[in-house]
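*Asks:* Residue numbers (our numbering): 10 to 140.
#1: Compare the Cα-Cα distances from residue 76 to each of 43, 97 and 59 and report the closest residue.
#2: So which of 27, 18, 16 and 13 has the shortest CA-CA distance to residue 82?
#3: When you compare the segment 88-102 with the segment 59-73, are there three or more beta-carbon pairs, one atom per stretch, that lie closer than 8 Å?
#4: In this structure, how does DSSP classify residue 58 when only helix, strand and coil are distinguished?
#5: In whole angstroms, what is the alpha-carbon distance linking residue 36 and residue 42?
#6: Among 15, 62, 51 and 47, whose alpha-carbon lies nearest the alpha-carbon of residue 109?
#7: Roughly how many angstroms separate the alpha carbons of residue 58 and residue 101, rounded to a whole number?
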């Protein structure tokens, strides 16, 4: 329900991003709560705390907390936009990490991004794929 309401406010993101971002964040929190209810809170916490998934879980939870802070406490337009973008990226990485081979895919994506950044800064890129 929160996600549906958030996407109703999507055209208003430029004027008032707080409405969209807050509803989207509440939708994400509802989604995590639903997963905890279906799997059991202990099983979900154990899955999120696995060594290979821990950076994605911590990043996602930090983005949720940062988004709530920027929206509810700081009332900052710029921080809200930045944390919303961070939340979308970490949500995607968090979801991909649960697919089989998803962590390897995220490693390749990270390698491509680092390669492009190194090329942009004028440094020689390293090979990402073992060829």
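Every residue, glycine too, gets a C-beta built ideally from N, C-alpha and C.
*Replies:* So, to answer that:
#1: 97
#2: 27
#3: yes
#4: coil
#5: 10 Å
#6: 62
#7: 17 Å
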